[in-house]
Structure formats: structure tokens, C-alpha cells
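What follows is a set of notes on a single structure, which appears directly below.
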Amino acid sequence: MADPAAKCNSYDVAVIGGGVVGCAVARRLTLDGARVVLVEKGGDILSGASKANSALLHTGFDAPRGSLELACMQQGYAEYLAIRAELNLPLLETGGMVIAWTQEQQAKLPSILAQAHVNGVADARLIDADAIHAREPALDRRALSAVLVPGEHVIDPWSAPLAYLTQAVANGADFRRRTEVIGGRFANGAWSLDTTTGPIAARYVVNCAGLFGDRLEAALLGDASFTIKPRKGQFLVFDKMAARMLRTIILPVPTERTKGVVLARTAFGNVLVGPTAEEQDDREHATVEQDTLEGLRQAAIAMVPALADVQVNAVYAGLRPASEQKHYRTRRDDERNFLSLGGIRSTGLTAALGLAQYARGQLAQMGLDAVPLAAPAITPVPNISEMAPRDWQADGHGAMVCHCELVTEREIVAAFATPVPPGELGGLKRRTRACMGRCQGFYCSAQVARLSEGHLTPAMAVAS
Amino acid sequence: MSTARHVDVAIVGGGPAGLGAAMALRRAGIESVVVIEREAEAGGVPRHCGHPAFGVREFGRPMSGPRYARALVGKARAAGVEILTRHSVVALEPEGRLLIANPDGALTVTARRVILATGARESTRAARLVSGDRPLGVVNTGALQAYLYLQGLTPFRRPVIVGTELVSLSAIWTCLAHGIRPQAVIAEGDRAVARWPMGLFPHLLGIPVHYNTQVEAITGTGRVDGVRVSRNGRPSIEIACDGVLLTGHFVPEASLMRSAHIAVDRNSGGPAVDQFHRCSDPSYFATGNLLRGIETAGWCHREGLALGRRVAADLSATPALAATIPITVAPQLKYAVPQRLAPGISGNAPALQLRLSEPFSGELVVTSGSRELLRRPLRSRPERRILVPLSNLSGADDPITIRLQ
Ligand SMILES: Cc1cc2nc3c(=O)[nH]c(=O)nc-3n(C[C@H](O)[C@H](O)[C@H](O)COP(=O)(O)OP(=O)(O)OC[C@H]3O[C@@H](n4cnc5c(N)ncnc54)[C@H](O)[C@@H]3O)c2cc1C
Ligand SMILES: Cc1cc2nc3c(=O)[nH]c(=O)nc-3n(C[C@H](O)[C@H](O)[C@H](O)COP(=O)(O)OP(=O)(O)OC[C@H]3O[C@@H](n4cnc5c(N)ncnc54)[C@H](O)[C@@H]3O)c2cc1C
Chain A
1 MADPAAKCNS YDVAVIGGGV VGCAVARRLT LDGARVVLVE KGGDILSGAS KANSALLHTG
61 FDAPRGSLEL ACMQQGYAEY LAIRAELNLP LLETGGMVIA WTQEQQAKLP SILAQAHVNG
121 VADARLIDAD AIHAREPALD RRALSAVLVP GEHVIDPWSA PLAYLTQAVA NGADFRRRTE
181 VIGGRFANGA WSLDTTTGPI AARYVVNCAG LFGDRLEAAL LGDASFTIKP RKGQFLVFDK
241 MAARMLRTII LPVPTERTKG VVLARTAFGN VLVGPTAEEQ DDREHATVEQ DTLEGLRQAA
301 IAMVPALADV QVNAVYAGLR PASEQKHYRT RRDDERNFLS LGGIRSTGLT AALGLAQYAR
361 GQLAQMGLDA VPLAAPAITP VPNISEMAPR DWQADGHGAM VCHCELVTER EIVAAFATPV
421 PPGELGGLKR RTRACMGRCQ GFYCSAQVAR LSEGHLTPAM AVAS
Chain B
1 MSTARHVDVA IVGGGPAGLG AAMALRRAGI ESVVVIEREA EAGGVPRHCG HPAFGVREFG
61 RPMSGPRYAR ALVGKARAAG VEILTRHSVV ALEPEGRLLI ANPDGALTVT ARRVILATGA
121 RESTRAARLV SGDRPLGVVN TGALQAYLYL QGLTPFRRPV IVGTELVSLS AIWTCLAHGI
181 RPQAVIAEGD RAVARWPMGL FPHLLGIPVH YNTQVEAITG TGRVDGVRVS RNGRPSIEIA
241 CDGVLLTGHF VPEASLMRSA HIAVDRNSGG PAVDQFHRCS DPSYFATGNL LRGIETAGWC
301 HREGLALGRR VAADLSATPA LAATIPITVA PQLKYAVPQR LAPGISGNAP ALQLRLSEPF
361 SGELVVTSGS RELLRRPLRS RPERRILVPL SNLSGADDPI TIRLQ
């Protein structure tokens, strides 16, 4: 639909930030009939917190009772299950176990279970050591007992937000990448946003700027209602041969500060261990540290001893957009048509679709009226999880490029031809898994560099 | 489209070792010998080793890697070997059944014997748990050469080179031949791991070598902008660069075996074999760098040729696993290949290969139960070839232990 208003950069809603929350909000508002632009300063979606997380779809069993976080997580969980078939999103139904390894931890299990029940997670139950080991034969024998939460699952943390934004774009939303919002004015019922690529006009602004949410609020409203305190989480990913050693997500008994180190399968057939919880001031750099990584490796081996013989395929770190308080930080300014979804600390992957429903409701109360699309376009994205049939199994795929992750030439070429194509190598990896396997590009990176020429900034090659 | 084929011997991997095995099998009169290679061309790693000198023993003159690879492929074809390229073996199953993906669909090949020759690769940044940012520009020598020689692309202009194995010299040579200026060489020990004919070579070229150092962290958003180098207690230094070339620390490409029924040795990282290079599944054999990490191409090729001859003879028997004697090594030894001995030590089986995990000077002692089979002086360093002729081990009845003292 060639809308003249879109051409002159005038929208109903500007969603600022292409993390998982912004992508979900852009989808919801678009499907509900608003004209939306998603503005992202990075070269691709998922340039901030959302690129690196544990990939768990949480039930909310341990979320604060009665909180917005709990409500959004449970709505987000339900909507993910409802739309995943049509958007082709994977679900690895693993269940989770909060395991007590010490007597002290064991004493906390009843209250964890009670909270799960209060939170509506009715199927959570206590299980004993025998039941734990029957379920997980490779687990170290020290496990005493556990709260089993059958609904905790694993998803692909990258295809979900990609699918949300892809559907938004297919239904008329605009996506502006490499565009940073640096300021703006609200006058005559509309925002005029200053960006690094020119002005954008929109009646409403939704702040989904994650690690920069407080700064964006200050830039647009003059003051910030919260302060981001980045909290780093490092991870280590074991080779696919580890997948057969573990089925259930292994969760620790949480402490005040963090959910603690998790051992879980990934949607791609690996096993990951992490995250750490390290406070820092830096909002850009999520470095990995050898000693910490070795500590994580040992923690994983303590849980599943056979991991000692498994190669580490990848290490990474992410920054949680935590704030000085634990809960989600929302701010609604009816005078200035502004909504912040800030401080979405450690549950945003799960809660994103719920937060989007919440934002839709808030904007409606603020006067945004829109008519939901009668027959929105449904746009499935590639499912590259281990559970789905992959392109290399089909005829005519051209050639296998990445041998470790079995990525074909056709898949890589296709990724660049999508409505939301990768803009940097990380984005290509997230969409195809090329170079993400055990050799990390020893065999295929040169060919990937060739196939990606002209598409990525920075380019993989400095010269040809 | 899914098709099935039956052959006498299938060889997984068309590098110098796999091609050697295939030629030898054909020359021994074996009818159907198929090499299955996942790349568009057979030839293995030498395809992208533009540096000299390969093939002196095989072809009587020094050649570049790509020419050597083409010469080997030509020789194999001339011997009647069938080579399937762009065919990736994705699973190994008992009874010699291989599941293969190729651009036209799936294929199953069932072979009376399978020879695994999938080679080795350098270990990754992740496996080394290197600290810091994770920007673009951190590559291994193999990838660098594939950029330059196979794709005509350059991944960086001013890298820091990490490591001093033989392959690190290839890395330096490759860089200089393409106008890439290494900023420094980071050496973990107090001298180069390899016998640098040119222990001086990088210095002469004006490339500083920092001994007793380690990469403390890689820095850069987007692309690499530097490395911080720790120096055994002395203050760290920062070196500006636009790439990090991680060389060496080879690991066998044994992922197929790890996810199959075939036993892998945790020391060598390759499949566990007996002295005939037979795997734990008696219809599977292994050869080349897959056995242990790095050797020269010529060594691997000869290893392949010799295995081809043994497998040709083995085809007349029913594959069976005899009771074997395990070989264990002391911690200062990185590995021993083979990892076990089958009955019948004979002249045509290759020697026991050992490698050190730390420099050593003293005695190598081999015992079987309470019997001492061998005692000899040993003075060597990691990554150097150490061979023990199998004739030294004949007569062993009990488990064999290799110690250093
Ligand atoms: C270690 C770790 C583990 C986690 N595990 C889980 C888990 O298992 N399950 C789960 O549900 N959640 C998990 N999370 C939480 C989840 O990842 C976050 O809640 C979520 O990613 C937050 O998303 P966001 O969209 O709010 O922020 P971000 O992803 O940070 O998105 C904000 C975006 O805004 C852009 N931006 C910022 N400022 C501007 C500007 N001025 N102009 C334009 N663009 C701008 C940024 O570039 C960025 O892309 C985890 C998080 C971490 C770090
Ligand atoms: C950067 C570098 C520089 C070197 N320089 C020298 C040198 O100067 N001189 C020298 O003598 N040696 C050199 N070497 C070592 C030499 O290249 C190797 O010793 C030799 O190539 C090993 O032969 P190979 O057949 O065992 O393995 P490779 O050459 O690695 O061949 C293995 C083959 O198996 C294929 N394969 C793997 N998995 C599968 C699968 N699942 N399905 C189908 N096919 C598969 C691969 O594509 C590859 O073609 C160098 C090595 C490197 C990495």
C-alpha cells in the first residue's frame, strides 16, 4: 500500500529501538491498524540486549506476584504458543527443574513451589532425587530434589523478534536501521524526532531503547524516570554432541540478585551454560573473560560431568538493561503522547509479546484509535532449529557452505533477499547459523565473505 | 531424490591422506573406490596453501599447495578413483553406511570398508576462551588462506599473529605475499614451538616477536582495533591491529565420529585406532591428520597410501575386532597413536606416534604389565614428532604404559 503519509515520514507511532520488545510492539500496533515506524540505531535488529540471552521461554513461576512483569510474561508466553505455528517459530519443550544441590537450597524449594502455584503455574511440583535422575541420567548424583516446572521451554531468541518485525513490515510498517534518535519536540499533538538520518514525525512515541531507555527518555522529555545499570551475563556454548546429555533446563535456586547460572539445551542442539551477573557502567561492550568462562565451564561440568569431554563452540556475553529497581520501568506521559517500556531486565524475550499488548492498551487509553487489519499478511520465517527439516535435506540447495551447522548457499542468499535482511555479520549468523558451529568459520568464512559482499557493514573482507 | 549405492571402499575426505588411500586401493585391484568430498574440489587443505613447498617426495620437485592438490587429484583419477565432490557425509552408521547430503538431495553409500580422512583444523577463539570483545577479524590461518587464495578477499591488513608452530610460518609468508603487514607475533613460550629455520626470520622482516606472552584481551567494536598482551608479570602492552590471526593448536575434525558409534580418544581428539588404524567399529579405518592433529601433507599422503594397501588386504577377511591391548600415556604426553594394539604386530604397521604436551628431557619408558619393553633417552618439545617402532612393542601381553622419567 503506497501511503503518501509514509513517504513524508509521518506516522501514528514511532517505536524507538529494534530489540525484541520494539519488534513485538511494532508488530502489535501494525496488526492493530496503526502506521508504525521502527527506528534502530544499529545495523540490524537485536543490536542491544536482545542479541545475547539464555533463550528460555519462561512460565513466570518465579516472577514477582501481581507484577506487570508476570502479567506480560504470561501473556507473551501464551501468544508465542498461539502464533508460533503460523510464523514458523520453534519450541523445544524441555521443562525446567530448579535443583537443590545443598540442604540449604532444599529448604527454599517449598516457597518456590508455593510462589509458582500462586503465579498460576499449577503443574509445578516437587520431585525427589530418583525422579530427577530418571529424567536426567547424565546429571551429577548430588542433586537432592527439585521443583519441576514442565512449562519452561527453549526457543530461538533471534527468529522470534525477526518474525515479529517481518510481519510488521509485511503489513505496512517501516523499518529504519542505522538511524539514531537524538532528540525531538512534541507540539500540536505530534512528535518531531531528530535522527541521524533526518526527521521523523509521529503522533506517539514508544521508547523501547533497552540499554539506552533512560537516555532516550531524557533526550525527549528532559528528564529520565529511571537509570539503567547494565548487568553483564557471560555464556559458554558446548558442541552439539552435548545435547544428548541433557533434556531439561537446569535452573539454580535463585538468590536475591540473580536467577543464577542455567544449564540448558539450545534450539540448535547445543547446550549452553550461563549467565553470570556482573554490574558495569559500560553500555556498549559486553566482553568475555577467560577466568569467568572457565568458571562457567567448571560449573557446567559439576552439573553434568560428561561435559568435560565436549568442545566449547562459542562464548558470548549480553547486557541486561537492568535499572536501580527490580521491576519493569514504564512511564506514560499523556500530555506528550509518550510511553516508555524500560528496564526490561531479564525476561524480555518471554514478555515481549505481552509488553506489546500492554503498550497497545496504554496507547488506546491515550487516544490512539486504529482499526485492526482485517486480513493481515502472515509471514513465516525460516525455522533453522534442530527440530525442523533443513534446507540441506531438500533438492537444489546449491551447495553446503557451512559444514558444521549445515547451512546452504541458498539459505544465505535468501537471507539477504528478505524484507528485514541482515546488515552485519552477527545478523547473518543469527538468521542462518553460518560460522556459528564448532569450527567458527575455519572452513566456510571465506565463502560466506564472498556471498555477503555488498550486504554487511562492516564487511567481512577489507579488500578484494 | 534419495538414492543408495554399494561400494567396496568409501573414503570420507579427499585431502592428501584420503586420496592416497584411494589410489593405493585401486592399484591393489579393488574395483569400486569412492572418495566423498564436501568441497567443490578435492585436494584438502593444500588447495589453499599458496605457499611452498609441497610434493618434494611425491613428485620430485617443490610445488605450491594448489598445484600439489591438483596433481594428487589427477593421479587418483588416473588410478580409477571415483571422486564425488560437494558431497558431505553427515552421519556414520554401523555396517559401513554413510548418510550423505549433496546439492541434488540425499544419498546413502554402503561400503564394505570406510576410511575416514577428514583432516584437522586449528582451534577457535571460543575453544581457547580468549577474553575481550568479539569483533570481526579474528581468524585462523586456514580461513585466511581461503580468503586470499580461494576467494581473492583480504580479511585484514595489520594483524597480530598468535602462535609459533610451523603453520605460523605459513601465516607470515601468506601475509607478506599479499601485502598484509603483521604487527607482532605472540609466542607463549620462551622460544618458537616449531624449529624455525628462521628462528630469526620474523625479526629480520621487522616483525617483533614477543616471547613468554599471551593474548589478554581482544578489543574493538565492529572490527578488531587492538590486542592487549600480558607478559608474565611485567605490565601488559597494547598492540594496535585490525585483525588477530590465531595459528595452530590443531584439533582433528572428528565431529562425525563423536556423534556416531565410533570411539574417540580424548587425548588425540581423533578416533581411537589400533596399529592398523582400525577404529572401534571394525569396518571403519582412519588416516591422515584426523588421527592426531597436524603432520605435513606428505606424511599424511604416505599414511593414506599405506592404509590403502592394508585395507585392500583386509577386504578378503570378515571385519572383526580382536582383543586388544590398551596403551596409556603419562600426563606430559599429549597423546599416543595408536591407542591400542591388536594381535599380530607386523612389519607393515606404522610406528607408534607420540607428542609432548610440555618440553621434556629424560627417559622414555614403555612397560607392559611388569615388563619393561623399551627405555631410551628423550629430549624434545611439544609439537615435535616422536616415533616408537612397533617392533619395540612386540611380545606385549598386558596393558602398555608409556612414561617419562
Ligand atoms: C544474559 C541475559 C540472559 C537473558 N535470558 C533471558 C531468557 O532466558 N528469557 C527471557 O525471556 N529473557 C532473557 N533475557 C532478557 C532479554 O534478553 C531482555 O529483557 C530483552 O532483550 C530486552 O529487550 P529490549 O528490546 O528492551 O532492549 P534491547 O534489546 O537493548 O533493544 C533496544 C534497542 O534500541 C536501540 N536503541 C537504543 N537507543 C536508541 C536510539 N536513541 N535510537 C535508535 N535506537 C536506539 C538499541 O540499539 C537496541 O537495539 C536475558 C538477558 C540477558 C542479558
Ligand atoms: C594453513 C595451513 C598451512 C599448511 N602448510 C603446510 C605446508 O606448508 N606443508 C605441509 O606439508 N603441510 C602443510 N599443512 C598441513 C597439510 O595441509 C595437512 O597435513 C594435510 O592437508 C592433511 O591431509 P588430510 O588428508 O589428512 O586432511 P585435509 O587436507 O584436511 O583433508 C580433509 C578433507 O576432508 C574433507 N571432509 C571433511 N569432513 C568431510 C565430510 N563430513 N564429508 C566429506 N568430506 C569431508 C575436507 O573438505 C577436506 O578436503 C598446512 C595446513 C594448514 C591448515
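Those protein sequences? They're chains A and B, same order as listed. Residue numbers are given in the numbering used here: position 33 of the first sequence equals residue 33, and the series is strictly consecutive. Residue numbers are given in the numbering used here: position 185 of the second sequence equals residue 185, and the series is strictly consecutive. Ideal placement from N, C-alpha and C gives every residue a C-beta, glycine not left out.
May I ask you to check if the CB of residue i is nearer than 7 Å to at least one heavy atom of ligand 2?
i: P350 (chain B); result: no
i: G168 (chain B); result: Per the sequence shown, the amino acid found at residue 168 (chain B) is Ser instead of Gly. No, Cβ of S168 (chain B) sits at least 7 Å from all heavy atoms of ligand 2.
i: H51 (chain B); result: yes
i: I294 (chain B); result: yes
i: I115 (chain B); result: no
i: S88 (chain B); result: yes
i: C469 (chain A); result: No answer is possible for residue 469 (chain A): the residues shown for chain A start at 1 and end at 464.
i: Q145 (chain B); result: yes
i: F59 (chain B); result: no
i: L267 (chain B); result: In the sequence as presented, Leu is not what sits at residue 267 (chain B); that position holds Asn. Every heavy atom of ligand 2 is 7 Å or more from the Cβ of N267 (chain B), so no.
i: N102 (chain B); result: no
i: C404 (chain A); result: no
Determine the closest residue to residue i out of the options, with distance taken between C-alpha atoms.
i: A190 (chain A); options: A:P372, A:T197 and A:V206; result: A:V206
i: R178 (chain A); options: A:V462, A:T379, A:P458 and A:Q234; result: A:P458
i: L107 (chain B); options: B:P350, B:L99 and B:E253; result: B:L99
i: R340 (chain B); options: B:Y284, B:R355, B:A272 and B:G288; result: B:A272
i: A388 (chain A); options: A:S323, A:L92, A:V253 and A:E279; result: A:L92
i: D397 (chain B); options: B:R376, B:G369 and B:V33; result: B:G369
i: V169 (chain A); options: A:I45, A:H133 and A:P90; result: A:I45
i: T174 (chain B); options: B:A24, B:N392 and B:Y149; result: B:Y149
i: D214 (chain A); options: A:F226, A:L221 and A:L220; result: A:F226
i: A286 (chain A); options: A:G233, A:M245, A:A299 and A:L307; result: A:G233
i: I327 (chain B); options: B:R228, B:P399 and B:R97; result: B:P399
i: D369 (chain A); options: A:R185, A:R360 and A:A377; result: A:R360
i: L57 (chain A); options: A:K51, A:G95 and A:R35; result: A:G95
Just checking residue i against ligand 1 - is the residue's beta carbon closer than 7 Å to any of the ligand's heavy atoms?
i: G42 (chain A); result: yes
i: L216 (chain A); result: yes
i: V21 (chain A); result: yes
i: R265 (chain A); result: no
i: P346 (chain A); result: The sequence shown places Ser at residue 346 (chain A), not Pro. Checking every heavy atom of ligand 1 against the Cβ of S346 (chain A), one is found closer than 7 Å.
Our contact map puts residue i next to residue j with C-beta atoms below 8 Å; I'd like the distance itself, whole angstroms only.
i: G132 (chain B); j: A217 (chain B); result: 3 Å
i: A49 (chain A); j: L319 (chain A); result: 6 Å
i: A209 (chain A); j: I16 (chain A); result: 5 Å
i: R408 (chain B); j: V264 (chain B); result: Since the first and last residues shown for chain B are 1 and 405, residue 408 (chain B) lies out of range.
i: Q393 (chain A); j: A101 (chain B); result: 7 Å
i: L291 (chain B); j: E122 (chain B); result: Actually they do not touch by this definition, with Cβ atoms about 17 Å apart.
i: G42 (chain A); j: V371 (chain A); result: With 8 Å as the limit, G42 (chain A) and V371 (chain A) do not qualify as a contact, their Cβ atoms being about 32 Å apart.
i: P155 (chain B); j: M460 (chain A); result: 7 Å
i: F238 (chain A); j: V149 (chain A); result: In fact, because the Cβ distance is near 23 Å, the residues do not count as touching under 8 Å.
i: S159 (chain A); j: V381 (chain A); result: 5 Å
By DSSP's criteria, residue i is part of a beta bridge. Which residues make up the other side?
i: Q234 (chain A); result: A:A317
i: G226 (chain B); result: B:T219 and B:A240
i: Y204 (chain A); result: A:V13
i: E122 (chain B); result: B:F250
i: R185 (chain A); result: A:S192
i: V186 (chain B); result: For the sequence presented, residue 186 (chain B) should be read as Ile rather than Val. The partner list for I186 (chain B) (beta bridge, DSSP) reads B:V162 and B:H210.
i: Y335 (chain B); result: B:R355
field: Members of the region 313-334 of chain A near chain B, C-beta cut-off 9 Å
entry: N313, A314, V315, Y316 and A317
Contact list for the region 165-188 of chain B against chain A, Cβ threshold 8 Å: none
- request: With 9 Å as the C-beta to C-beta threshold (strictly closer), list the residues of the region 377-408 of chain A near chain B in chain order.
  value: W392, Q393, A394, D395, G396, H397, G398, A399, M400, H403, C404, L406 and T408
message: Please list, in chain order, the residues of the region 23-45 of chain B that have any C-beta partner in chain A closer than 9 Å.
response: R38, E39 and A40
task: Please list the residues of the region 95-122 of chain B that have a C-beta atom closer than 9 Å to any C-beta atom in chain A, keeping them in chain order.
output: A101, N102, P103, D104, G105, A106, R121 and E122
message: Please identify, using Cβ separations under 7 Å, the residues of the region 143-167 of chain B that lie next to chain A, in order along the chain.
response: A143, A146, Y147, L150, Q151, G152, L153, T154, P155, F156 and R157
field: Near-chain B residues of the region 236-253 of chain A - C-beta to any C-beta below 9 Å
entry: L236, V237, D239, K240, M241 and R244
query: At a Cβ cut of 7 Å, what residues of the region 282-309 of chain A count as close to chain B, listed as they run along the chain?
result: E284, H285, T287, V288, E289, Q290, L293, E294 and D309
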